[in-house]
Every structure is written in C-alpha cells, then in structure tokens.
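Engineer: Please find one structure pasted underneath; my questions will follow.
Structural data, given as structure tokens:
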C-alpha cells in the first residue's frame, strides 16, 4: 500500500495538469486554470513527499 498511493497521486497530478493545459488552450478563466494547476502541483508534491523515507 505504501507504494500504491504515490502512483495514484502522480496519476491525479497528471490528469489535473492536462486539464489545466486544456482549459488554458480553450480560453477558460485564469482563476479556474490556476486553481486546477495548483491542485495538480499539490498532488505531485504529495506524491513526492510520500516517497521520502523516514519516520515522522
């Protein structure tokens, strides 16, 4: 399970990043594109942080 969640987070980040790019190309509002892009960055960051070894 510990290696499954980062893969899911990276997949979600990819879908969100693609959605943000698609919204940008279609001329969507900057706020909406920015929100989706921030969510993509958060998902990717969460995936990266999950992979860092160590105990908290």
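In our numbering, the protein residues as written are 44 to 99.
All residues carry an ideal CB built from backbone N, CA and C; glycine is no exception.
Go to residue 80, then tell me how far its alpha helix (DSSP H) extends in each direction, as first and last residue.
Structural biologist: Residues 73-94.
Engineer: Can you tell me the Cα-Cα spacing of residue 77 and residue 51, whole angstroms?
Structural biologist: Distance between the alpha carbons of residue 77 and residue 51 is about 22 Å.
Engineer: If I measure Cβ to Cβ from residue 87 and keep anything under 6 Å in the same chain, skipping five residues before and after, which residues do I get?
Structural biologist: If we look at residue 87 and ignore the five residues flanking it on each side, its Cβ neighbours are 56.
Engineer: Would you tell me roughly how many angstroms separate the C-alpha atoms of residue 68 and residue 85, rounded to the nearest one?
Structural biologist: Straight-line Cα distance between these residues: approximately 22 Å.
Engineer: Quick check on DSSP: helix, strand or coil for residue 97?
Structural biologist: Reduced to three states, the DSSP call for residue 97 is coil.
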